[in-house]
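Residue numbers (the working numbering): 21 to 773. Glycine included, each C-beta is placed from N, C-alpha and C at the ideal position. Model, not experiment: these values are computed from the prediction. Structure first, commentary second.
Shown next as structure tokens:
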């Protein structure tokens with residue numbers, strides 16, 4: 021596109037400025053190269069990389085502005101309002117000397133508790149706060165700086181700073197004004213703080229060239245607690261689309277200043293605002309009489325506290341109301357801005373995730389996006405474990421114990437309804453995240469799962485983030501979020517329910533961005549074709565695969581991938597780890613022998629089994645193990661005879677050519693590990709010179725080519741009064757993969773239990 025610039029003495033300056041400005045991605049890359057102490061939350065990062073709406077929020081109100089518990093409750097409510105509008109909140113603050121663009125719940129609570137004595141951070145304080153490793157709450161000034169740096173176009177707050185009363189003599193002028201003149205961000209506030217000189221503040225913004233737009237049907241500039249200050253501004257709109265167009269047009273012209281959108285306080289608080297204005301005048305008069313007016317930075321907190329006292333708390337209620345409302349308005353403007361930039365919704369799929377059903381080009385499952393501009397380059401840690409599969413909402417409705425649902429057919433009954441997070445892959449990822457965050461803090465687990473563009477999708481994404489998990493692997497789709505709705509009677513027995521899991525069936529993880537993990541975990545909720553592509557990719561890139569079968573019905577979905585790998589000449593087990601329960605193990609074994617697959621009829625399979633050389637000695641030691649109690653501390657659980665009686669041991673051994681390590685979940689009977697250690701690895705493990713040790717519930721068999729087979733029983737941990745075992749197997753898998761991915765040789769140590 022050719023742009024003709026006007027001739028004249030300013031045209032060259034404008035051209036240089038446009039060319040010099042470049043992209044905020046360039047600025048971020050530069051910061052990264054300098055190892056700048058800046059962390060952008062994965063959820064914010066993902067939204068910015070795909071041009072989805074983001075609203076920044078400040079934290080000075082958390083550290084200095086609001087009393088406890090409002091200082092934690094209000095910012096959380098503001099974040100919720102931003103989300104309800106369809107945007108992503110990015111609360112900005114300093115934690116231990118690092119700038120955080122997007123805070124976790126525990127980080128927000130840390131600032132609100134003020135244990136670490138957080139400082140108030142304006143532009144002048146940024147470097148000192150970092151150098152002294154302080155916690156800090158960002159003012160409008162510093163929030164504008166980091167919003168612009170990250171590419172966030174909308175910032176919502178309560179009131180901006182300005183010219184203080186008497187500022188013509190004291191020169192007490194907030195840095196917020198200058199910052200808005202050089203940061204291309206739309207600041208959504210209820211005007212300026214109520215204790216300031218509104219007339220001179222508006223004049224000063226005019227001097228700085230900052231547009232002031234009343235976000236209302238009139239040109240009245242609000243006075244924070246009141247809808248009218250007595251001053252008019254040149255422009256007004258109550259339409260978020262027009263507000264977004266103002267920001268967008270400035271961007272298109274390369275203008276680097278921001279815009280103030282002045283939002284009147286909600287209508288329910290109009291009347292009390294007039295009374296509060298009288299309290300403001302009294303508080304200011306008192307500050308001049310007692311000397312507080314000359315106390316510098318301390319005067320503002322003193323005045324706000326005094327106004328709160330004089331109003332009997334009404335000023336605080338009004339302040340909270342306008343903060344929440346401004347967050348909502350900011351979200352609406354951000355959504356409209358993202359549409360102007362080409363994204364239509366918070367969860368609009370990005371181009372790499374969109375695959376047409378009739379596409380003939382097979383997608384690269386682990387596409388490397390390092391060549392594409394994106395904030396993902398700045399993520400502090402690549403994932404070493406990627407978990408692919410289902411993330412769902414579980415809704416459980418249970419009737420009261422004394423109500424018989426049979427007596428009320430076609431009607432509702434009293435009871436309880438609970439909503440929790442579920443989905444096999446999500447459960448595994450959460451368990452892995454919990455383990456790695458405490459035991460292996462230098463590593464990271466990533467959940468890759470589809471979510472719908474609906475309310476359940478918003479809930480799922482938000483709660484996943486709040487649980488401490490990364491959300492940059494969530495893939496938006498134009499379908500319903502996976503939901504399982506179960507109805508139980510008063511005794512907990514299942515009456516019926518509805519399971520809507522189509523989104524997972526239709527999910528194809530076409531890009532896992534820049535991650536080249538050591539392990540990929542996937543569950544049986546995925547289609548066989550998707551599993552096949554995942555397995556194929558792990559082979560090509562030397563990634564270890566773990567398959568969690570999910571259910572008996574879905575357990576055999578892995579077999580097409582296994583068969584394809586063998587047909588392509590694989591000389592090793594296609595799947596590194598397999599985590600079935602006993603029923604799933606039996607199903608996979610039966611299907612592997614069926615006419616559909618006939619996996620155990622090939623010469624390759626016979627050769628693998630023959631190399632293991634499991635003779636009479638292995639069977640004898642297995643019989644000895646089978647006589648051991650399931651739990652030495654509780655003989656009522658019986659013995660391990662099921663290993664032989666149900667053929668569990670023999671079946672697992674027969675599957676070793678396909679699954680190198682099999683971890684069989686046996687419920688209250690613990691877990692069975694059946695491992696094949698190839699000869700080229702066996703010599704470096706603790707089992708190389710190890711013999712069977714029945715006392716330690718371990719059978720070791722040495723085969724040809726130095727191959728080793730280990731069968732080991734692990735008794736279940738005793739849990740006092742368990743309340744729920746749902747997801748216990750998934751948690752087992754998540755804990756297992758977290759340990760293996762960080763201390764892989766641990767499973768080859770005979771001394772570990």
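Outcome for residue i when other beta-carbon atoms lying within 10 angstroms are tallied against a minimum of 16
{"i": "residue 120", "result": "buried"}
{"i": "residue 678", "result": "buried"}
{"i": "residue 50", "result": "exposed"}
{"i": "residue 739", "result": "exposed"}
{"i": "residue 685", "result": "buried"}
{"i": "residue 430", "result": "exposed"}
{"i": "residue 768", "result": "buried"}
{"i": "residue 574", "result": "buried"}
{"i": "residue 326", "result": "buried"}
{"i": "residue 69", "result": "buried"}
Beta-bridge partners of residue i, as assigned by DSSP
{"i": "residue 109", "result": "75"}
{"i": "residue 713", "result": "718"}
{"i": "residue 564", "result": "539"}
{"i": "residue 668", "result": "Note: residue 668 sits in no beta bridge, so no partner."}
{"i": "residue 465", "result": "405"}
{"i": "residue 209", "result": "282"}
{"i": "residue 98", "result": "Its beta-bridge partners do not exist; DSSP assigns none."}
{"i": "residue 118", "result": "115"}
{"i": "residue 60", "result": "121"}
{"i": "residue 240", "result": "252"}
{"i": "residue 131", "result": "Looking at the DSSP assignment, residue 131 forms no beta bridge with any residue, so it has no partner."}
Where residue i sits in the DSSP three-state scheme
{"i": "residue 91", "result": "helix"}
{"i": "residue 142", "result": "coil"}
{"i": "residue 592", "result": "coil"}
{"i": "residue 650", "result": "coil"}
{"i": "residue 757", "result": "helix"}
{"i": "residue 504", "result": "strand"}
{"i": "residue 655", "result": "helix"}
{"i": "residue 413", "result": "strand"}
{"i": "residue 476", "result": "helix"}
{"i": "residue 126", "result": "helix"}
{"i": "residue 680", "result": "strand"}
{"i": "residue 494", "result": "strand"}
{"i": "residue 453", "result": "helix"}
{"i": "residue 695", "result": "strand"}
{"i": "residue 418", "result": "strand"}
{"i": "residue 217", "result": "coil"}
{"i": "residue 545", "result": "coil"}
{"i": "residue 636", "result": "helix"}
{"i": "residue 729", "result": "strand"}
Run of the alpha helix (DSSP H) containing residue i, from where it starts to where it stops
{"i": "residue 767", "result": "No alpha helix (DSSP H) holds residue 767; DSSP gives it neither H nor E."}
{"i": "residue 307", "result": "290 to 310"}
{"i": "residue 552", "result": "548 to 561"}
{"i": "residue 360", "result": "334 to 361"}
{"i": "residue 174", "result": "Careful: residue 174 lies outside any alpha helix (DSSP H), inside the beta strand (DSSP E) at 174 to 176."}
{"i": "residue 168", "result": "160 to 170"}
{"i": "residue 198", "result": "195 to 200"}
{"i": "residue 629", "result": "623 to 632"}
{"i": "residue 269", "result": "260 to 272"}
{"i": "residue 82", "result": "Neither: residue 82 is in no alpha helix (DSSP H) and is coded neither H nor E."}
{"i": "residue 584", "result": "579 to 587"}
{"i": "residue 612", "result": "602 to 613"}
Endpoints, the beta strand (DSSP E) within which residue i is located
{"i": "residue 280", "result": "279 to 282"}
{"i": "residue 519", "result": "514 to 520"}
{"i": "residue 440", "result": "435 to 442"}
{"i": "residue 233", "result": "232 to 234"}
CA nearest to the CA of residue i, picked from the options
{"i": "residue 610", "options": "452, 567, 667", "result": "667"}
{"i": "residue 355", "options": "173, 247, 524, 339", "result": "173"}
{"i": "residue 408", "options": "554, 260, 106, 724", "result": "554"}
{"i": "residue 671", "options": "697, 106, 612", "result": "612"}
{"i": "residue 410", "options": "330, 551, 458", "result": "551"}
{"i": "residue 689", "options": "359, 101, 736", "result": "736"}
{"i": "residue 203", "options": "724, 92, 274", "result": "274"}
{"i": "residue 137", "options": "125, 144, 148, 157", "result": "157"}
{"i": "residue 541", "options": "124, 200, 750", "result": "750"}
{"i": "residue 607", "options": "627, 632, 576, 644", "result": "576"}
{"i": "residue 114", "options": "106, 664, 59, 69", "result": "59"}
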